[in-house]
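Below is one structure; the comments refer to it alone.
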Amino acid sequence: MRAPSSNETALGEVLLAVEEVSLSFGGVRALTGVSFDIRKGEIRAIIGPNGAGKTSMLNVVNGFYQPQSGRITFKGNVRNSMRPYAAARGGIARTFQNLALFRGMTTLDNILAGRALKMHRGFFWQLLRYGPALQEEVEHRRRVEEIIDFLEIAAIRKVQVGRLPYGLQKRVELGRALAMEPDLLLLDEPMAGMNLEEKEDMSRFIIDVNQQYGTTIALIEHDMGVVMDLSDRVVVLDYGRKIADGTPDEVKRDKDVIRAYLGETH
Amino acid sequence: MPSLDPSLDTLPKLLVHNASAFGSRPAMRHKDLGIWQTWTWAQVLDEVRAFSVGLAELGLKRGDKFTIIGSNRPRLYWAICAGQALGAIPVPVYADAVADEMAYVLAHAEVTLAVVEDQEQVDKVISIAEQLPQLSQVIYDEPRGLKDYNHARLTSFEDVQAIGRKKLAGDADCRQRWEAGLRRGAGKDLSVILYTSGTTGRSKGVMLTYENTIVSARNANAFDRLDEKEEVIAYLPLAWIGDYIFSYVQAYTAGYCVNCPEAQDTVVQDRREIGTTYAFAPPRVYENLLTITMVRMADASPLKRKVFDFFIGVARRWGEKILDRERVPLHVRLLYALGDFFVYGPLKNQFGLSRVRIGYTAGEAIGPELFRFYRGIGLNLKQLYGQTEASVYVTAQPDGKIYCDTVGQASPDVELKISDSGEVLYRSPGVFAGYYKDPEKTAEVLTPDGWVHTGDAGFFDPKNGQLKIIDRAKDVGRLKDGTVFAPKYIENKLKFYPNIREAVAIGSGRDFACAMINIDLTAVGSWAERNNVVYGSYQELAANPRVYDMIAQHIDEMNRSLAEEEVMAGAQIHRFLILHKELDPDDGELTRTQKLRRGHIIDRYSPLVEAFYNGSTDAQITTQVTFEDGHKGTIAARVAIRDLKPYPARAAKMERAA
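The listed protein sequences derive, respectively, from chains A and B.
In terms of our numbering, the numbers along the first sequence are unbroken and rise by one, the last being 277.
In terms of our numbering, the numbers along the second sequence are unbroken and rise by one, the last being 1097.
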């Protein structure tokens, strides 16, 4: 599906490292001592059966959940707790398993909302619509239009997001995450509920984002075919524990993975 | 005023002229990043010159063939002119052609250089590069995704222009030399090779000289009084003669502005923003607009629906008469004005047709109901009959003399005649120079004294003297009992129903006529939603008995209207089925311009055709399909066949009389 690219042979430096992270809700242990890293420029997949703790893992990474123990190092800074807005400011963007768009707003406005953190002029400057505020607005709109062009959603630029089919809403959400110009993009099941054609489109966009903008991507996905085609490295979770970590080929051959994820032969 | 100076006999010369005559007028627009970017004629000359000099530096020279592959983007149009300025010959290729088709055309035309739109086309060209030993350079417009490609034979459009600009800046004589080279071109020179998609067999390369296209374009401009103030939108395939003449040659001869849409699926919005004044579209485009409207109206509130239906009724009855400036009662005029305010005006605005002064439909016959609908709401829609071999124009309808069943009178400078066998022949300055490397085929079509066989059967309407096309000459057949059977005529009648996207009528040499139907997924899908019909795919929806009921009703209605026509009454549809898949150019069932390839379809679905005539009520069919990425699969289905009761020809008339 993809031509062998440079980042498969030479992996970049570690962008984010998760060490011995454990998370529990009351007596339920969602994650138990999970460690892995995400390197600059790669596409990293997190897979596992239902309830394996994949989404919890993403929520820990972007500060939505606070792990009870363990360490997270992002861009060289160690932390064990962080607020989601701080994560966003630090360069982590994400999309959600169940869409979280502003349904009454247009595609354009939704993506523009992704630029909120990059807007520096205050309320009064914005009201004035003159000088630096205007320049800033022009620049933001240009970036948003580039994303619209990139994701091929020009035809729905001015359509309310709530009226769009599911596959397109997913694309808009990706657009909003891209508008943050993140260093690390977290995608929670970007292809859930899509048909084959939409999946192929989405895969292409993910690869293009990775290659064109050099964005590091961590994604959760159920469709094994997609994961194996798309990602450089895969980490496999089962019942909150890491059971395998490696290239798609390595993972595919791993006995534990076959048993946990692909089913056991009886 | 557009220049008619005969010394301006090539397109590059016209460009140089336009740059000085209307230097600051817009020549081209393109919507990019949500904003319309404009280039004046002077700027276009500058862009073309830079690219052209760059091409020369890359080794393109007089007589070389180069291809253009992609959608309607300014740079691709400039590339055509830039190559022509060097005396090279453009061979535009359909952008949606699969690699195999492309390989045949590019190899046959001995193309040495390709200017393509984006990664998708680059990939296609690379995949067939082995079959094209002459191809030495590929130039792309859109760099996205191409960063990691081997750039040994791959250059971006900008880089080629940069090479050209550097050369122009560094070498003072370069500009003069370029213009001198451009002036060496003459009207008799070969200007373009356009491969016709061909409803049968391999495509043929139609060679057109500058004179062919420029004379035709000037005549057309004069015929409809087009000047530099027109606005058109370029959205039809670059490789189609219609787009070549309309978005390029006519624009250069009249000096009007060509607008390139943002993307293929934003054309309607873009057209609306620009407010085009001159429109040119195959019937399918008008059909789609109407289908979208009807689907939306079905979802509208009852009051809106009532208002809509009422005024559309008024438009049907009186609209055409008002458009043709006939006398109508005063109260009708008032009613029509009201309708214009509430319905027709907003509708035309939605379609982006508010400012259209002249609209043409061409490429295929248009359904009379469809034609009347648009004229009824006040759109000056006219018919045109043309061919690639004629540089488009054979006949056209002048303002005020519009009939829905004719294609008009001979265009300026065109001579027409009907052969003894009923085939239409023409002779004009636009007649092509022959098929490229195919003298045999040329001789079949082009007589030594310059007449061209159209392959269409037709006659002059005795009432108004305009040409009437019945069908492709070889398609018109007879049923066993001798009744005339013109399949396209029936198909066009059927396609008027928004629920029917495509129809294939069968009956030549048979006892009765039958039809295979493709439903329109937008229209029927919306109906299904409103009626709680659940479906997962086209195939499932097509097989639904309630969908069959609906289509049966449409065909029954059509049968009734056929029964009223003397000649065609016997060709009513007795049996029909709904195909389990959509007809697709990738499977060779339609041409790239979306015309039916009848012979191929009948072969491909022969088990279904047999089932029509051996009385079975369903049939098993397995077909191979080609997916968009080129790999093949099969679809199997059991397709049901329905019977219909035809109307007796006489009885229908008597009923009406009674």
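By construction, the Cβ of each residue, glycine as well, lies at the ideal position given by its N, Cα and C atoms.
Bear in mind that the values here come from a model prediction, so they are computed numbers and not experimental data.
Residue i - DSSP class collapsed to helix/strand/coil
i: Leu1018/B; result: coil
i: Ala1090/B; result: Bear in mind that a pLDDT of 44 at Ala1090/B, under 50, signals an unreliable position, so the number given afterwards is only what the model happens to contain. Ala1090/B falls in the helix class under three-state DSSP.
i: Leu447/B; result: coil
i: Tyr579/B; result: strand
i: Leu633/B; result: strand
i: Phe134/A; result: helix
i: Gly897/B; result: strand
i: Gly825/B; result: strand
i: Pro201/A; result: coil
i: Cys1127/B; result: Past the edges of chain B, shown from 440 to 1097, lies residue 1127/B, and the structure says nothing about it.
i: Leu27/A; result: strand
i: His1151/B; result: As displayed, chain B neither begins before 440 nor continues past 1097, which places residue 1151/B out of reach and without an answer.
i: Leu241/A; result: helix
i: Val833/B; result: strand
i: Arg1031/B; result: coil
i: Ile269/A; result: helix
i: His547/B; result: helix
i: His151/A; result: helix
i: Ile841/B; result: coil
i: Pro529/B; result: strand
i: Val170/A; result: coil
i: Ile958/B; result: strand
Per-residue burial, residue i [other beta carbons within 10 Å of its own, 16 or more giving buried]
i: Asp587/B; result: exposed
i: Lys1071/B; result: exposed
i: Gln573/B; result: exposed
i: Ala1090/B; result: For Ala1090/B, the predicted model reports a pLDDT of 44, less than 50, meaning its position is unreliable and no value from the coordinates is stated.
i: Ile929/B; result: buried
i: Arg264/A; result: exposed
i: Thr1061/B; result: exposed
i: Val853/B; result: buried
i: Asn819/B; result: buried
i: Lys266/A; result: exposed
i: Ser463/B; result: exposed
i: Ser830/B; result: buried
i: His590/B; result: exposed
i: Ala1097/B; result: At Ala1097/B, the pLDDT of 36 sits below 50, so the modelled position is not reliable and the matter cannot be decided from this model.
i: Glu486/B; result: buried
i: Ala97/A; result: exposed
i: Tyr799/B; result: buried
i: Asp682/B; result: buried
Residue i and residue j closer than 8 Å at C-beta
i: Tyr813/B; j: Gly847/B; result: no
i: Arg614/B; j: Thr715/B; result: no
i: Gly806/B; j: Lys934/B; result: yes
i: Arg54/A; j: Ile228/A; result: The residue asked about is misnamed: residue 54/A is Ile in this sequence, not Arg. Yes, these two residues count as a Cβ contact at 8 Å.
i: Asp48/A; j: Leu27/A; result: yes
i: Leu282/A; j: Glu200/A; result: Residue numbering for chain A in the displayed model covers 12 to 277; residue 282/A lies beyond these limits and cannot be assessed.
i: Glu147/A; j: Arg132/A; result: yes
i: Leu499/B; j: Gly522/B; result: yes
i: Ala1058/B; j: Ile1080/B; result: yes
i: Arg187/A; j: Ala124/A; result: yes
i: Leu677/B; j: Leu515/B; result: yes
i: Ile103/A; j: Ile158/A; result: no
i: Ala548/B; j: Val530/B; result: yes
i: Arg940/B; j: Ile958/B; result: yes
Cβ-heavy atom distance, residue i to the ligand HEM, below 7 Å
i: Gln576/B; result: Ligands displayed in this structure: none; no statement on the ligand HEM is therefore possible.
Output, in sequence order along the chain, the residues in the stretch 128-153 of chain A whose CB is closer than 9 Å to any CB in chain B.
Cβ contacts with chain B: Arg152, Arg153.
For the stretch 160-171 of chain A and the stretch 693-704 of chain B, state whether three or more C-beta atom pairs, one from each stretch, are separated by less than 8 Å.
In this structure the stretch 160-171 of chain A touches the stretch 693-704 of chain B; the number of beta carbon pairs closer than 8 Å is three or more.
For the pair the stretch 535-543 of chain B and the stretch 557-574 of chain B, tell me if three or more CB-CB distances fall below 8 Å.
yes
Closer than 9 Å between beta carbons: that is the criterion. Which residues of the stretch 572-592 of chain B meet it against chain A?
Arg583, Gly584, Lys586, Asp587, Tyr588
Counting only Cβ-Cβ distances shorter than 7 Å, please list the residues of the stretch 687-707 of chain B near chain A, keeping chain order.
Glu701, Ala702, Asp704, Thr705
Using a Cβ-Cβ cutoff of 7 Å, what residues of the stretch 167-180 of chain A are near chain B? List them in chain order.
Arg168
Output, in sequence order along the chain, the residues in the stretch 442-473 of chain B whose CB is closer than 7 Å to any CB in chain A.
Leu472, Gly473
How about the stretch 599-619 of chain B and the stretch 459-477 of chain B: do they share at least three Cβ pairs that are nearer than 8 Å?
no
Is it the case that the stretch 247-258 of chain A contacts the stretch 212-224 of chain A, given that we only count it when at least three CB pairs across the two stretches are under 8 Å?
Two segments are said to touch when three or more pairs of C-beta atoms, one from each, lie closer than 8 Å; by this definition the stretch 212-224 of chain A does not touch the stretch 247-258 of chain A.
Are the stretch 943-957 of chain B and the stretch 965-972 of chain B touching, with three or more C-beta to C-beta distances below 8 Å?
no
What are the residues of the stretch 82-116 of chain A that lie near chain B, defined by any Cβ-Cβ distance shorter than 9 Å?
So the list is empty, because no residue satisfies the distance condition.
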